[in-house]
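Only one structure is covered here, and it is reproduced in the block below.
Number of protein chains: 2
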Amino acid sequence: MGNFSEQSINREIERAETQMFERMADNMKTFGVSPTIGLLFGILHFKEEPMTLDELAEETGMSKTRMSQVMREMLALNIAEKEFVRGSRKEYYKIEGDYIQAFLSIFTANWKEAAMKNAQLARRLSSKLAELRAEYTEAPSEEIQERIDKLEQQLAEWAAYYKWIEQLAGFFESGDVLKYVPVEPKKKTK
Amino acid sequence: MGNFSEQSINREIERAETQMFERMADNMKTFGVSPTIGLLFGILHFKEEPMTLDELAEETGMSKTRMSQVMREMLALNIAEKEFVRGSRKEYYKIEGDYIQAFLSIFTANWKEAAMKNAQLARRLSSKLAELRAEYTEAPSEEIQERIDKLEQQLAEWAAYYKWIEQLAGFFESGDVLKYVPVEPKKKTK
DNA sequence: AAATACGTACAATATTTATTTTATAAAGTT
DNA sequence: AACTTTATAAAATAAATATTGTACGTATTT
Numbered sequence: 796m797g798n799f800s801e802q803s804i805n806r807e808i809e810r811a812e813t814q815m816f817e818r819m820a821d822n823m824k825t826f827g828v829s830p831t832i833g834l835l836f837g838i839l840h841f842k843e844e845p846m847t848l849d850e851l852a853e854e855t856g857m858s859k860t861r862m863s864q865v866m867r868e869m870l871a872l873n874i875a876e877k878e879f880v881r882g883s884r885k886e887y888y889k890i891e892g893d894y895i896q897a898f899l900s901i902f903t904a905n906w907k908e909a910a911m912k913n914a915q916l917a918r919r920l921s922s923k924l925a926e927l928r929a930e931y932t933e934a935p936s937e938e939i940q941e942r943i944d945k946l947e948q949q950l951a952e953w954a955a956y957y958k959w960i961e962q963l964a965g966f967f968e969s970g971d972v973l974k975y976v977p978v979e980p981k982k983k984t985k
Numbered sequence: 796m797g798n799f800s801e802q803s804i805n806r807e808i809e810r811a812e813t814q815m816f817e818r819m820a821d822n823m824k825t826f827g828v829s830p831t832i833g834l835l836f837g838i839l840h841f842k843e844e845p846m847t848l849d850e851l852a853e854e855t856g857m858s859k860t861r862m863s864q865v866m867r868e869m870l871a872l873n874i875a876e877k878e879f880v881r882g883s884r885k886e887y888y889k890i891e892g893d894y895i896q897a898f899l900s901i902f903t904a905n906w907k908e909a910a911m912k913n914a915q916l917a918r919r920l921s922s923k924l925a926e927l928r929a930e931y932t933e934a935p936s937e938e939i940q941e942r943i944d945k946l947e948q949q950l951a952e953w954a955a956y957y958k959w960i961e962q963l964a965g966f967f968e969s970g971d972v973l974k975y976v977p978v979e980p981k982k983k984t985k
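Written out as structure tokens, the structure reads:
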């Protein structure tokens, strides 16, 4: 007896777990990364032990290939790592750090990359402008002069912005942010 | 004379401007919002004066409908506002604050929304679990007992996380973050 | 009141992103 | 050496987002 009830309660728990994972996936999308990263992070965090691509595929119902793609992204973001398991020739993955660390890693990585691309373009554009100035030094119409000035001024303002982003990324990466936005100790469920 | 050169230099400048705007658009995508928000922000910032939907459509080559959609998003994110211009029956839009302010607004908004959704789900799941516990109090198999405990513990950990995100959003929203990650005064272009 | 200008809802299309399928290479086993 | 197993590249498909076009409502002008 109780068999049916037990089965149905297990289903309910399963459903709750799934909803939590899906919420995490959606969070990640909001944060600008692939939702499946959130899903896998949630699962790996929940299981608390390293998992193979096959296990992840089984758990999510997605293809193994997709698991491979996403785990690679997670490695690049430094929110997961491989764990060598002797005796098995599968690769095992586990997460690195907790939710907050993952959050910090993701934003750090994204912001740094954005700042870097911006800096790269800004350099290119600045030298282009210098070149234009040099080239047309003899007959510089009022209008063109002004236009170049304006763009340079805007580039400078923009540079201040992405340099600030870089600083912010550092503030996250170093964990300094946690000094000012501390983690509250989690309470036991009432 | 100089007419051809003048035309070509103008084209070059135009191209540079466009590249900067496109970079901004790409930044926004990275940040998890529609790239066109970055584009319009860049244009409005550059022009330094309020613009109508038609002007924006003209400038971007996109449809007026799209401009309307995106401006609405920007209003919701508090990075743009309408400006009433008497005599005209068009609506004029201008940006609110500089790049950094926009950055802060966007993340504040996104993080708050994510935290809110998480909190909502967590509440639902917690009461569901309580309900399950109550319902099956008589014949609680070892296994189910443990499964519920585990999920509750995970929910608690997750709650600590999204509460932290909320705090972080507050830290951004209040501008406190700027105390610790200050804006460097921008240098004049060399 | 008819005509025009404006913004946007709604449906349709295009583009991008996520995911799967098929194919292949490398390593391990028999 | 032939056969498996594992991961992933490359191509194909599906799903989600961004964008446009059409239609319509409201306000304004004539």
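As you go down the protein sequences, you meet chains B and G in turn. Quick note: to get this note's numbering, add 795 to the position in the first sequence (first position is 1). Quick note: to get this note's numbering, add 795 to the position in the second sequence (first position is 1). All C-beta atoms in this analysis are idealised placements derived from N, C-alpha and C, irrespective of residue type, glycine included. For clarity, every value in this text was computed on a predicted model and none was experimentally measured.
- Message: DSSP three-state label for I874 (chain G), please.
- Response: coil
- Return the chain-ordered list of same chain residues with a C-beta closer than 7 Å to the C-beta of I808 (chain B), the five sequence neighbours on each side being excluded. none
- Under the three-state reduction of DSSP, which class applies to M846 (chain B): helix, strand or coil? Strand at M846 (chain B).
- Message: Which complete beta strand (DSSP E) runs does the segment 903-930 of chain B hold, if anything under 3 residues is left out?
- Response: none
- Message: Within 8 Å, do at least three Cβ pairs link the segment 869-879 of chain B to the segment 811-822 of chain B?
- Response: no
- Would you say Q814 (chain G) faces chain B, with C-beta separation under 8 Å as the test? yes
- Query: So what does DSSP say about K889 (chain G), is it helix, strand or coil?
  - Reply: strand
- Taking the alpha-carbon positions, what's the T903 (chain G) to R884 (chain B) distance? 45 Å
- Task: Quick one: grab the DSSP three-state call for S800 (chain B).
- Result: helix
- Query: By Cβ distance, which residues of its chain are closer than 6 Å to A910 (chain B), with the 5 residues on each side in sequence left out?
  - Reply: Y957, I960 and E961
- Hey, out of B:L916, B:Q949 and B:A871, whose CA is closest to N905 (chain B)'s CA? B:A871
- Item | Per-residue DSSP class, three states only, for V972 (chain G) | helix
- Item | CB contact flag (N805 (chain G), I939 (chain B), <8 Å) | yes
- Can a CB atom of chain B be found closer than 8 Å to the CB of T825 (chain G)? yes
- Task: Inspect the beta-carbon positions of L839 (chain G) and I890 (chain G) and report whether they are closer than 8 Å.
- Result: yes
- Task: Return helix, strand or coil for G882 (chain G), following the three-state DSSP convention.
- Result: coil
- Neighbour flag for Q940 (chain G) against chain B, beta carbons, 8 Å: no
- Distance between beta carbons of Q948 (chain B) and F841 (chain G), contact taken as under 8 Å: About 10 Å; that fails the 8 Å criterion.
- Residue of G:T855, G:F967 and G:S922 minimising C-alpha distance to L835 (chain G): G:T855
- Query: Hey, how far is the Cα of D849 (chain G) from the Cα of G833 (chain B)?
  - Reply: 40 Å
- Query: So which residues on chain B does L916 (chain G) lean against when the C-beta distance must stay under 8 Å?
  - Reply: Residues of chain B whose Cβ lies closer than 8 Å to the Cβ of L916 (chain G) are, in chain order, Q814, M815 and R818.
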